[in-house]
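Protein chains: 2
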Amino acid sequence: MTTASPIEFWFDFSSGYAYLAAQEIDALGARVDRPILWRPYMLGTAFKVTGMRGLSSTPVKGDYARYDWARAARRMGVPFAPPVEHPKVALPATRAFYWIESAHPGQEQRFAREVFRRYYSGKLDTSDPDAVAALAGGLGLDAAQLRAGLEAAAIKDQVRTTSESAVQRGIFGSPFFVVEGEPFWGWDRLPMLEEWIRTGGW
Amino acid sequence: MTTASPIEFWFDFSSGYAYLAAQEIDALGARVDRPILWRPYMLGTAFKVTGMRGLSSTPVKGDYARYDWARAARRMGVPFAPPVEHPKVALPATRAFYWIESAHPGQEQRFAREVFRRYYSGKLDTSDPDAVAALAGGLGLDAAQLRAGLEAAAIKDQVRTTSESAVQRGIFGSPFFVVEGEPFWGWDRLPMLEEWIRTGGW
Chain C
1 MTTASPIEFW FDFSSGYAYL AAQEIDALGA RVDRPILWRP YMLGTAFKVT GMRGLSSTPV
61 KGDYARYDWA RAARRMGVPF APPVEHPKVA LPATRAFYWI ESAHPGQEQR FAREVFRRYY
121 SGKLDTSDPD AVAALAGGLG LDAAQLRAGL EAAAIKDQVR TTSESAVQRG IFGSPFFVVE
181 GEPFWGWDRL PMLEEWIRTG GW
Chain V
1 MTTASPIEFW FDFSSGYAYL AAQEIDALGA RVDRPILWRP YMLGTAFKVT GMRGLSSTPV
61 KGDYARYDWA RAARRMGVPF APPVEHPKVA LPATRAFYWI ESAHPGQEQR FAREVFRRYY
121 SGKLDTSDPD AVAALAGGLG LDAAQLRAGL EAAAIKDQVR TTSESAVQRG IFGSPFFVVE
181 GEPFWGWDRL PMLEEWIRTG GW
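Shown next as structure tokens:
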């Protein structure tokens with residue numbers, strides 16, 4: 001078991017670039033012998049502070065982003081087919097992640113990877129608590145228990161405060177990585193993040 | 001002399017990421033045997049369409065961008081010290097580029113590189129026509145002739161229409177690259193651009 005500081009992997013399930021990063025982050029962590037701390041959060045919380053808006057709703061840039069996501073996914077050999085209503089507000093999926101992390105620690109990354117895989121195959125509505133619970137059930141977790149957990153004030157509070165404190169730390173995008181306090185925004189910063197860890201920074 | 005299609009390099013002189021790209025684009029072009037077509041434009045023209053605003057004026061994200069520019073420049077071994085009023089509106093420098101391209105073809109890239117070098121060393125106000133003309137004079141061009149050229153309606157029109165038609169083609173950021181119609185936005189897309197050219201795309 002490694003004792004090195006983790007790479008924090010902050011993301012919103014509805015972020016195309018987070019999906020791309022999710023394909024690569026585990027292998028990167030293995031190469032540099034660092035655990036990955038998966039931290040889904042609600043990017044909308046950051047948008048309130050930065051005044052930014054989602055790529056998909058930005059004229060011209062949104063068209064490019066959709067093209068760029070598909071191009072990168074094609075290169076990786078993974079599908080890129082989110083629901084036509086993309087981006088969904090993935091609050092139930094995010095709450096489910098933290099419920100699983102608390103109730104079944106060690107299962108939450110597997111759940112997150114499956115959320116990404118199914119959402120970007122057009123097979124999961126991340127904004128539907130029942131669909132999210134069913135997916136967890138398919139992974140061997142107790143779907144009814146999780147479904148009830150999604151309504152618990154403690155989980156709702158956790159997701160809200162997690163998102164708010166991320167933004168207070170300067171985390172404003174998705175994906176966004178932090179390692180030993182060093183911030184890296186964007187899927188395309190993964191090579192720099194890896195070099196930073198290997199060299200000890202510059 | 002190569003006959004391959006050029007790599008279009010669209011940028012605003014006041015874009016930190018364009019400065020970073022300017023350090024690397026010529027070597028990339030040489031590796032893949034492609035000429036680089038330097039195309040400064042006014043990013044503000046794109047902002048009007050996309051509703052985006054400059055990184056420097058975006059809360060939280062602006063702080064990160066300043067940190068990220070300096071970190072990347074440090075890695076490259078180049079200075080990153082733009083004027084404290086950064087970003088300047090580099091309209092005179094952009095007009096000068098096209099005046100030189102027209103009056104002294106072949107000199108415009110050298111001029112652009114010098115604009116980047118001096119602006120990001122805090123030694124040039126790209127929004128000051130006299131300073132821009134003096135810089136051109138230092139490169140052996142006729143400063144007085146260029147200074148007069150900056151007031152010509154033809155040059156003003158050229159910069160405006162160049163910027164507008166770029167945006168109409170879907171160019172909305174800086175740096176932004178196009179090769180054989182394929183768009184790549186951002187300094188961090190240079191490795192993908194190079195792979196695209198080498199492989200013929202995917």
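Note that the protein sequences, when read in sequence, are chains C and V. Under the working numbering, the first residue of the first sequence is numbered 1, with each subsequent residue one higher. Under the working numbering, the first residue of the second sequence is numbered 1, with each subsequent residue one higher. We put the CB at the ideal spot given by N, CA and C, even for glycine.
Alpha-carbon to alpha-carbon, Trp187 (chain V) and Gln107 (chain V): The sequence position of residue 107 (chain V) within the second sequence is 107, counting from 1. The sequence position of residue 187 (chain V) within the second sequence is 187, counting from 1. Note on geometry: alpha-carbon atoms of Gln107 (chain V) and Trp187 (chain V) lie some 24 Å from one another.
Close beta carbons around Leu37 (chain V), own chain, < 8 Å, minus the five adjacent residues each side: Locating residue 37 (chain V) in the second sequence gives position 37, where the first residue counts as 1. Excluding sequence neighbours, Leu37 (chain V) sits near Pro6, Ile7, Glu8, Phe9.
Whole-angstrom distance between Arg34 (chain V) and Ala166 (chain V), CA atom to CA atom: Numbered from 1 along the second sequence, position 166 holds the residue referred to as residue 166 (chain V). Numbered from 1 along the second sequence, position 34 holds the residue referred to as residue 34 (chain V). Distance from the CA of Ala166 (chain V) to the CA of Arg34 (chain V), rounded to the nearest whole angstrom, comes to 21 Å.
Nearest-angstrom Cα separation, counted from Met52 (chain C) out to Asp12 (chain C): Residue mapping note: residue 12 (chain C) aligns to position 12 of the first sequence, counting from 1. Residue mapping note: residue 52 (chain C) aligns to position 52 of the first sequence, counting from 1. So the alpha carbons of these two residues sit roughly 15 Å apart.
Partners in chain V for Arg189 (chain C), counting only beta-carbon separations shorter than 9 Å: Taking the first sequence and counting its residues from 1, one reaches residue 189 (chain C) at position 189. Correct list: Asp68, Asp188.
Residues of the segment 74-89 of chain C with Cβ closer than 9 Å to any Cβ of chain V, in chain order: For the segment 74-89 of chain C, which is checked against every Cβ of chain V, the residues closer than 9 Å are Arg74, Arg75.
8 Å Cβ cutoff, Phe9 (chain C) in contact with chain V: Residue 9 (chain C) sits at position 9 when you count from the first residue of the first sequence. Chain V contact via Cβ: absent.
Backbone CA spacing between Ala144 (chain C) and Val179 (chain V) [nearest angstrom]: Here residue 144 (chain C) is taken as the residue at index 144 of the first sequence, counted from 1. Here residue 179 (chain V) is taken as the residue at index 179 of the second sequence, counted from 1. The alpha-carbon atoms of Ala144 (chain C) and Val179 (chain V) are separated by roughly 53 Å.
Contacting positions in the segment 39-64 of chain V - beta carbon closer than 9 Å to chain C: Within the segment 39-64 of chain V, those residues whose Cβ lies closer than 9 Å to any Cβ of chain C are, in chain order, Ala46, Val49, Thr50, Gly51, Met52, Arg53, Thr58, Pro59, Val60, Lys61, Gly62, Asp63, Tyr64.
Ile25 (chain V) in three-state terms, based on DSSP: Residue 25 (chain V) sits at position 25 when you count from the first residue of the second sequence. Correct three-state label for Ile25 (chain V): helix.
Cross-strand partners of Phe11 (chain V) (DSSP beta bridge): In the second sequence, the residue the question calls residue 11 (chain V) occupies position 11. Phe11 (chain V) is bridged to V:Pro40.
Touching by the beta-carbon criterion (3+ pairs, under 8 Å), the segment 155-174 of chain V and the segment 87-102 of chain V: At 8 Å Cβ cutoff, the stretches touch.
Whole-angstrom distance between Ala148 (chain C) and Met76 (chain V), CA atom to CA atom: In the second sequence, residue 76 (chain V) corresponds to position 76, counting from 1. In the first sequence, residue 148 (chain C) corresponds to position 148, counting from 1. Rounded to the nearest angstrom, the two C-alpha atoms are 53 Å apart.
In chain order, each beta strand (DSSP E) run of at least 3 residues that lies wholly inside the segment 106-160 of chain V: With a minimum length of 3 residues, there is no unbroken run of beta strand (DSSP E) contained wholly in the segment 106-160 of chain V.
For Trp185 (chain V), the residue or residues it bridges with in DSSP: The sequence position of residue 185 (chain V) within the second sequence is 185, counting from 1. Its beta-bridge partners are V:Phe176.
Where Thr161 (chain C) falls, given that 16 or more other Cβ within 10 Å makes a residue buried: Taking the first sequence and counting its residues from 1, one reaches residue 161 (chain C) at position 161. Only exposed fits Thr161 (chain C), as fewer than 16 other CB atoms lie within 10 angstroms of its CB.
Selection from V:Ala65, V:Ala30, V:Arg31 that minimises the alpha carbon distance to Ser15 (chain V): Numbered from 1 along the second sequence, position 15 holds the residue referred to as residue 15 (chain V). In terms of CA proximity to Ser15 (chain V), V:Ala65 leads the group V:Ala65, V:Ala30, V:Arg31.
Of the listed residues V:Gly200, V:Ile171, V:Pro105, V:Pro59, nearest to Val60 (chain C) (C-alpha basis): The residue given as residue 60 (chain C) occupies position 60 in the first sequence. For the residues V:Gly200, V:Ile171, V:Pro105, V:Pro59, the minimum Cα distance to Val60 (chain C) belongs to V:Ile171.
Check whether Phe111 (chain C) and Phe97 (chain C) have beta carbons under 8 Å apart: Mapped onto the first sequence, residue 111 (chain C) falls at position 111. Mapped onto the first sequence, residue 97 (chain C) falls at position 97. Taking 8 Å as the cut-off, the beta carbon of Phe111 (chain C) is found closer than this to the beta carbon of Phe97 (chain C).
Buried or exposed (CB count within 10 angstroms, at least 16 for buried), Arg39 (chain V): One-based indexing of the second sequence puts residue 39 (chain V) at position 39. Buried is the call here.
Amino acids of chain V, ordered along the chain, whose beta-carbon sits closer than 8 Å to that of Phe172 (chain C): Start at 1 with the first residue of the first sequence, and residue 172 (chain C) comes out as number 172. Result: Val60, Lys61, Tyr64.
Coarse secondary structure for Ala30 (chain C), derived from DSSP in three states: By 1-based counting over the first sequence, the position of residue 30 (chain C) is 30. Shown here, Ala30 (chain C) sits in a helix according to DSSP, grouped into three states.
Top-ranked residue by Cα proximity to Asp26 (chain C), from C:Thr50, C:Asp142, C:Val132, C:Arg113: As a first step, residue 26 (chain C) must be located in the first sequence, where it is residue number 26. Comparing Cα positions, the closest option is C:Arg113.
Boundaries (first-last residue) of the alpha helix (DSSP H) holding Ala72 (chain V): The count along the second sequence starts at 1 and reaches residue 72 (chain V) at position 72. Element bounds for Ala72 (chain V): 61-76.
Any C-beta of chain V under 8 Å from that of Trp99 (chain C): Sequence index remark: in the first sequence, residue 99 (chain C) carries index 99 (1-based). Judged by the 8 Å Cβ criterion, Trp99 (chain C) is not in contact with chain V.
Where Pro191 (chain V) falls, given that 16 or more other Cβ within 10 Å makes a residue buried: Residue mapping note: residue 191 (chain V) aligns to position 191 of the second sequence, counting from 1. Pro191 (chain V) is exposed by the Cβ-count criterion.
CB contact flag (Thr45 (chain C), Thr58 (chain V), <8 Å): Within the first sequence, numbered from 1, the residue matching residue 45 (chain C) stands at position 45. Within the second sequence, numbered from 1, the residue matching residue 58 (chain V) stands at position 58. No, the pair does not count as a contact, with Cβ atoms beyond the cut-off.
Opening and closing residue of the alpha helix (DSSP H) in which Thr94 (chain V) lies: The count along the second sequence starts at 1 and reaches residue 94 (chain V) at position 94. Unbroken alpha helix (DSSP H) run through Thr94 (chain V): 91-103.
Arg221 (chain V): first and last residue of the uninterrupted alpha helix (DSSP H) it sits in: Given that chain V is displayed from residue 1 to residue 202, the structure contains no residue 221 (chain V) and the question cannot be resolved.
9 Å Cβ cut-off: residues of chain C touching Pro224 (chain V): Any property of residue 224 (chain V) remains undetermined from this structure, which presents chain V solely from 1 to 202.
Selected residue, minimal CA-CA separation from Phe47 (chain V), among V:Gly173, V:Gly181, V:Glu195, V:Val132: Counting from one through the second sequence, the residue named residue 47 (chain V) turns up at place 47. When V:Gly173, V:Gly181, V:Glu195, V:Val132 are compared, the shortest CA-CA separation from Phe47 (chain V) is found for V:Gly173.
Length of the line joining the Cα atoms of Gln23 (chain C) and Ala70 (chain C): Residue mapping note: residue 23 (chain C) aligns to position 23 of the first sequence, counting from 1. Residue mapping note: residue 70 (chain C) aligns to position 70 of the first sequence, counting from 1. In a straight line, the C-alpha of Gln23 (chain C) is about 14 Å away from that of Ala70 (chain C).
Cβ of Pro183 (chain V) within 8 Å of any chain C Cβ: Taking the first residue of the second sequence as position 1, residue 183 (chain V) is located at position 183. Chain C, which has a Cβ nearer than 8 Å to the Cβ of Pro183 (chain V), makes this yes.
Exposed unless 16 or more other CB atoms sit within 10 angstroms - verdict on Trp202 (chain V): Translated into the one-based positions of the second sequence, residue 202 (chain V) becomes position 202. An exposed status is given to Trp202 (chain V), since fewer than 16 other beta-carbon atoms sit within 10 Å of its beta-carbon.
Same chain, Cβ closer than 7 Å to Leu55 (chain V), five either side skipped, listed in chain order: Here residue 55 (chain V) refers to the residue found at position 55 of the second sequence. Within the same chain, Leu55 (chain V) has close Cβ partners Lys61, Gly62, Ala65.
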